[in-house]
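Protein chains in written order, with this note's numbering: chain A, 99 to 437; chain B, 99 to 437. What follows is a single structure, written as structure tokens, with notes after it.
Protein chains: 2
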Amino acid sequence: MRIALDAMGGDFAPANPVAGVILALREYKDFTVVLVGDEEKVRAEVARHDTRGLEDRISYHHASQVVDMKDSGLDSVRRKKDSSVSRAVDLAKAGEAEAVVSAGHTGALVAAATIKLRTLPGIHRPGLAVVIPTPTHGFLLLDAGANIEASPAHVAGYAIMGSIYVREILGRANPRVGLMSIGTEAGKGNEFTKECYEVLGRTPVNFVGNTEGHALFSNPLDVVVCDGFVGNIVLKTIEGLAKSMSGWIKGELKKSPIRLLGAWLAQGAFLSIKKQTSTDEYGGSPLLGVNGICIKAHGNSSPLAIKNAIRVAREFVTQKVNARIVEAIESSHEKIAAH
Amino acid sequence: MRIALDAMGGDFAPANPVAGVILALREYKDFTVVLVGDEEKVRAEVARHDTRGLEDRISYHHASQVVDMKDSGLDSVRRKKDSSVSRAVDLAKAGEAEAVVSAGHTGALVAAATIKLRTLPGIHRPGLAVVIPTPTHGFLLLDAGANIEASPAHVAGYAIMGSIYVREILGRANPRVGLMSIGTEAGKGNEFTKECYEVLGRTPVNFVGNTEGHALFSNPLDVVVCDGFVGNIVLKTIEGLAKSMSGWIKGELKKSPIRLLGAWLAQGAFLSIKKQTSTDEYGGSPLLGVNGICIKAHGNSSPLAIKNAIRVAREFVTQKVNARIVEAIESSHEKIAAH
């Protein structure tokens, strides 16, 4: 198995992507990697590590450009044809890599993947699927922002793809799927979610109805579907509030020596939550529905996060997630096609 | 000034509404209250308090019904004509009360207020405005769920009304207004927010552009506008996550005696945050845009929260917030009317 890694993508590239892939190469023996990006810089970064025994599994593919956070996703594909993320996707398209991993610009990965790889049969729009941690278990939120103007049929596709992903990669039987809305009863929501509700009822997933913000964490489901606009707002609100609360608590704890002592004694509690909520552990968000395998790691990915994104990419290949999705879509296509 | 209090609304009614109004009557001398609800029960609750010196300022208005959380807002107005919230709004309509305060069913208050009081001239839909606490200052989120299918003109109205409310009630000059979206650049968002962006640019408010979930807490504005579907999802996601994180931290702190000791030493930090994020302090959410004054207190309001909701209702009257809104809408009406 060969994985194309966007070595220039992310806030700490090429250092963290390179460090992460070396961790992964040591832990998992079943893959080789092609590092895509400015070859000189990437080779220099690799040279900082001890790669004895790994050399045969690392190759390089030069790409002269890097997508900037200011670029629009679509423009980046058109104007920066030699960007590291575009070239990584090109390798997947050419059959030279079975999966792409990138911690770079989300929009650029989505645009490159959608345009170059196109979508799976029966899927019209891909959805970005992000695992959100809760005190009991993580739930998969999709679409987290790949497709801003979604139709109910797209949302039905997310439900099917998300269920298969949770079953195959997170290992949970019969995942419960909810529709993000503003009340739990069937009639609650806007016109769009009411249509989605009806279409979701005809998909082969374990659809349990509407879910709302209060229930996301108190009674977490396995999959929560919504259009990419709402999903992106929910994702960023959660990330923003969690970061703010964490900073707020730290600030208050520093206000007196007694509080600081207390915080030191209680540090195990904070470290435990930090570990449980770390995006490092979940290892990247799959772009579900493209005719290929693209895993988006968080922009601020640590080496551990990159390693786990590569783990997910490997599992995606070995579990044949895309083949399962195509089967499920075919069996439900007539039921949802009209929407 | 006379305030109609829905004495049967909220999770802890009539106990907390009655206890709260008695706190308010003691603190503020400029109002009288009419307690609306099952008169026997409400009188019995009042009798549990020392009301010496307050008797002349308390009157009763019997209402035989209570809106159930399962009722739909609109149905409750049609079918439970004698509900405490409907009767409280009737008093405002008849000019027998200058403001309504309720901790009951949000949808019932919105429906009763919109149908019976109608909207202010130039405003087509009311918006529920909720203060969200952050480490530096609270921002006003609206619409938090009064109007699920909004138009860009409705959102422009929220921006104008929210700015006036923040200026007059929260006392901040030149409030900064942002549009809830999925990226900060002007071109980011869906078709609806792009239209809103354009209309907001023509309103007389200090519109600073799009805001997103990451920025809500790290760089808080004064007013954040969106349609009621998105606003309700954002509000409930924030409430749900904050509650979950708080419970999560408590659970981890209880896992060992050392952690518990640390938590005890650091308790000042947690209490400080609890106080700063308490919905009690902000005192209820105004339903902006109705031709009257309706303050929604949180369903789980404490007596302190009810007292503060009454404080806000009083300030709303004395600051002539609705007259200011009408002036501002008139001056900007032509600019936003086309949308």
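Virtual Cβ for every residue (Gly too), placed ideally from N, Cα, C.
Around the C-beta of Ala436 (chain A), are 16 or more other C-beta atoms found within 10 angstroms, so that it is buried, or is it exposed? Mapped onto the first sequence, residue 436 (chain A) falls at position 338. At Ala436 (chain A), the pLDDT of 47 sits below 50, so the modelled position is not reliable; the number obtained from the coordinates is stated separately. With fewer than 16 neighbouring CB atoms inside 10 Å of its own CB, Ala436 (chain A) falls in the exposed class.
Would Arg357 (chain B) count as contacting chain A if we go by Cβ distances under 7 Å? The residue you call residue 357 (chain B) lines up with position 259 of the second sequence. Output row for Arg357 (chain B): interface = yes.
Taking the straight line between their C-alpha atoms, what separation do you get for Thr282 (chain A) and Lys286 (chain B)? For the purposes of this step, residue 282 (chain A) is identified with residue 184 of the first sequence, where counting begins at 1. For the purposes of this step, residue 286 (chain B) is identified with residue 188 of the second sequence, where counting begins at 1. Spanning the two alpha carbons is a distance of roughly 30 Å.
Grouping DSSP H, G and I as helix and E and B as strand, with all else coil, what is Asp154 (chain A)? As a first step, residue 154 (chain A) must be located in the first sequence, where it is residue number 56. Three-state result, Asp154 (chain A): helix.
Under 8 Å, CB to CB, which of the residues in the stretch 333-350 of chain B have a partner in chain A? Under the 8 Å Cβ criterion, the stretch 333-350 of chain B contributes Leu333, Lys334, Thr335, Ile336, Glu337, Gly338, Leu339, Ala340, Lys341, Ser342, Met343, Gly345, Trp346, Ile347, Gly349, Glu350.
So Gly225 (chain B) packs on Asp241 (chain B), CB below 8 Å; how close in whole Å? Here residue 225 (chain B) refers to the residue found at position 127 when the second sequence is read from its first residue. Here residue 241 (chain B) refers to the residue found at position 143 when the second sequence is read from its first residue. So it is a contact: roughly 3 Å between Cβ atoms.
Who are the neighbours of Gly366 (chain B) on chain A, taking C-beta pairs under 8 Å? Along the second sequence, read from residue 1 onward, the residue named residue 366 (chain B) stands at position 268. Counting only Cβ-Cβ distances below 8 Å, Gly366 (chain B) has contacts in chain A at Glu350, Lys353, Ser354, Ile356, Arg357, in chain order.
I'd like to know whether the C-beta atoms of Ser182 (chain B) and Val164 (chain B) end up nearer to each other than 7 Å. In the second sequence, counting from the first residue as 1, residue 182 (chain B) sits at position 84. In the second sequence, counting from the first residue as 1, residue 164 (chain B) sits at position 66. The Cβ-Cβ distance between Ser182 (chain B) and Val164 (chain B) falls below 7 Å.
Nearest by alpha-carbon distance to Phe368 (chain B): which of A:Val116, A:Arg357, A:Ser376, A:Ser370 is it? Here residue 368 (chain B) refers to the residue found at position 270 when the second sequence is read from its first residue. Closest by C-alpha distance to Phe368 (chain B), out of A:Val116, A:Arg357, A:Ser376, A:Ser370, is A:Arg357.
Rounded to whole angstroms, what's the CA-CA distance from Val410 (chain B) to Glu296 (chain B)? Just pull it up for me. Start at 1 with the first residue of the second sequence, and residue 410 (chain B) comes out as number 312. Start at 1 with the first residue of the second sequence, and residue 296 (chain B) comes out as number 198. The alpha-carbon atoms of Val410 (chain B) and Glu296 (chain B) are separated by roughly 32 Å.
Considering only C-alpha positions, which residue in the set B:Asn272, B:Gly387, B:Arg124 is nearest to Gly255 (chain B)? Walking along the second sequence from the start, residue 255 (chain B) turns up at place 157. For Gly255 (chain B), the nearest C-alpha among the options comes from B:Gly387.
Please classify Asp109 (chain B) as buried or exposed, where buried requires at least 16 neighbouring CB atoms within 10 angstroms. Reading the second sequence from its first residue, position 11 is the one you call residue 109 (chain B). Answer is exposed; the Cβ neighbour count stays below 16.
Identify the continuous alpha helix (DSSP H) that holds Phe110 (chain B) and give its terminal residues. In the second sequence, the residue the question calls residue 110 (chain B) occupies position 12. For Phe110 (chain B), no alpha helix (DSSP H) encloses it, and the DSSP letter there is neither H nor E.
Using a beta-carbon distance below 7 Å, is Gly260 (chain A) in contact with chain B? Working through the first sequence from its first residue, we reach residue 260 (chain A) at position 162. It does not; no Cβ of chain B falls within 7 Å.
Residues of chain B with CB closer than 8 Å to the CB of Thr232 (chain A), please, in chain order. One-based indexing of the first sequence puts residue 232 (chain A) at position 134. Residues of chain B passing the Cβ test: Ser342.
Rank B:Thr377, B:Gly269, B:Leu218 by C-alpha distance to the C-alpha of Pro231 (chain B) and give the top, closest one. Here residue 231 (chain B) corresponds to residue number 133 of the second sequence, with the count starting at 1. Comparing Cα-Cα distances from Pro231 (chain B) to each of B:Thr377, B:Gly269, B:Leu218, the minimum goes to B:Thr377.
In this structure, what does DSSP give as the bridge partners for Thr149 (chain B)? By one-based count along the second sequence, residue 149 (chain B) stands at place 51. Looking at the DSSP output, Thr149 (chain B) bridges to nothing.
Cα-Cα separation, Ser89 (chain A) to Ser383 (chain B): Shown here, chain A extends from 99 to 437; a query on residue 89 (chain A) therefore has no answer.
If the cut is a Cβ gap below 9 Å, which residues of chain B does Gly311 (chain A) touch? Along the first sequence, read from residue 1 onward, the residue named residue 311 (chain A) stands at position 213. The answer, in chain order, is Asn330, Ile331, Val332, Leu333, Lys334, Thr335, Ile336, Glu337, Gly338, Leu339.
In angstroms, rounded to a whole number, what distance separates the CA positions of Arg100 (chain A) and Ala190 (chain A)? Taking the first residue of the first sequence as position 1, residue 100 (chain A) is located at position 2. Taking the first residue of the first sequence as position 1, residue 190 (chain A) is located at position 92. Answer to the nearest angstrom: the Cα atoms are 9 Å apart.
Helix, strand or coil: how does DSSP classify Lys394 (chain A) here? Here residue 394 (chain A) refers to the residue found at position 296 when the first sequence is read from its first residue. Here Lys394 (chain A) sits in strand by DSSP.
Spatial neighbours of Lys139 (chain B) within its chain, please: C-beta separation below 7 Å, excluding the five flanking residues on both sides. Within the second sequence, the letter at position 41 stands for residue 139 (chain B). These residues qualify, in order along the chain: Pro112.
With distances taken between CB atoms, is the gap from Val131 (chain B) to Ala105 (chain B) smaller than 7 Å? Here residue 131 (chain B) refers to the residue found at position 33 when the second sequence is read from its first residue. Here residue 105 (chain B) refers to the residue found at position 7 when the second sequence is read from its first residue. With contacts defined as CB atoms closer than 7 Å, Val131 (chain B) and Ala105 (chain B) fail to qualify as a contacting pair.
For Asp148 (chain B), which residues in the same chain have their Cβ closer than 8 Å to its Cβ, ignoring the five residues on either side in sequence? In the second sequence, the residue the question calls residue 148 (chain B) occupies position 50. Result list for Asp148 (chain B): empty, nothing under 8 Å.
Between Gln417 (chain B) and Asn272 (chain B), what straight-line distance do the alpha-carbon atoms span, to the nearest angstrom? Taking the first residue of the second sequence as 1, we reach residue 417 (chain B) at position 319. Taking the first residue of the second sequence as 1, we reach residue 272 (chain B) at position 174. Each residue's Cα considered, the two are about 17 Å apart.
Determine, using beta carbons only, whether Pro318 (chain A) and Phe237 (chain A) come nearer to each other than 7 Å. Residue mapping note: residue 318 (chain A) aligns to position 220 of the first sequence, counting from 1. Residue mapping note: residue 237 (chain A) aligns to position 139 of the first sequence, counting from 1. At the C-beta level, Pro318 (chain A) and Phe237 (chain A) come within 7 Å of one another.
Taking Ala209 (chain A) as the reference, give the member of A:Ser157, A:Thr335, A:Arg185 with the closest Cα. As a working note, residue 209 (chain A) is residue 111 in the first sequence. Checking every option, the nearest Cα to that of Ala209 (chain A) belongs to A:Arg185.
Which residue marks the beginning of the alpha helix (DSSP H) containing Thr282 (chain A), and which one marks its end? If you number the first sequence from 1, residue 282 (chain A) lands on position 184. For Thr282 (chain A), no alpha helix (DSSP H) run applies, since DSSP gives it neither H nor E.
Extent of the continuous beta strand (DSSP E) run through Asn308 (chain A): Against the first sequence, residue 308 (chain A) aligns to sequence position 210. Counting along the chain, the beta strand (DSSP E) containing Asn308 (chain A) begins and ends at 304-309.
Which whole runs of the beta strand (DSSP E) in the stretch 186-273 of chain B are 3 residues long or more, in chain order? Those beta strand (DSSP E) runs which fall completely within the stretch 186-273 of chain B and span 3+ residues are 197-200, 228-230, 237-240.
Residue interval of the beta strand (DSSP E) (run including Val322 (chain A)): Here residue 322 (chain A) is taken as the residue at index 224 of the first sequence, counted from 1. For Val322 (chain A), the uninterrupted beta strand (DSSP E) segment begins and ends at 321-323.
At which residues does the alpha helix (DSSP H) containing Ser344 (chain A) begin and terminate? Translated into the one-based positions of the first sequence, residue 344 (chain A) becomes position 246. Counting along the chain, Ser344 (chain A) sits inside the alpha helix (DSSP H) bounded by residues 326-351.
Along the stretch 239-259 of chain B, what residues have a CB closer than 7 Å to any CB found in chain A? Within the stretch 239-259 of chain B, the residues whose Cβ lies closer than 7 Å to any Cβ of chain A are, in chain order, Gly243, Ile246, Glu247.
When you compare the CB positions of Asn114 (chain B) and Ile404 (chain B), do they come within less than 7 Å of one another, or not? Your numbering for residue 114 (chain B) matches position 16 in the second sequence. Your numbering for residue 404 (chain B) matches position 306 in the second sequence. Yes. Within cutoff.
For the alpha helix (DSSP H) containing Pro355 (chain B), name the first residue and the last one. Locating residue 355 (chain B) in the second sequence gives position 257, counting from the first residue. For Pro355 (chain B), the uninterrupted alpha helix (DSSP H) run begins and ends at 355-363, by DSSP.
Could you work out which residues of chain A lie near Leu314 (chain B), taking near to mean beta carbons separated by less than 7 Å? In the second sequence, the residue the question calls residue 314 (chain B) occupies position 216. Within 7 Å Cβ-Cβ: Thr335, Gly338.
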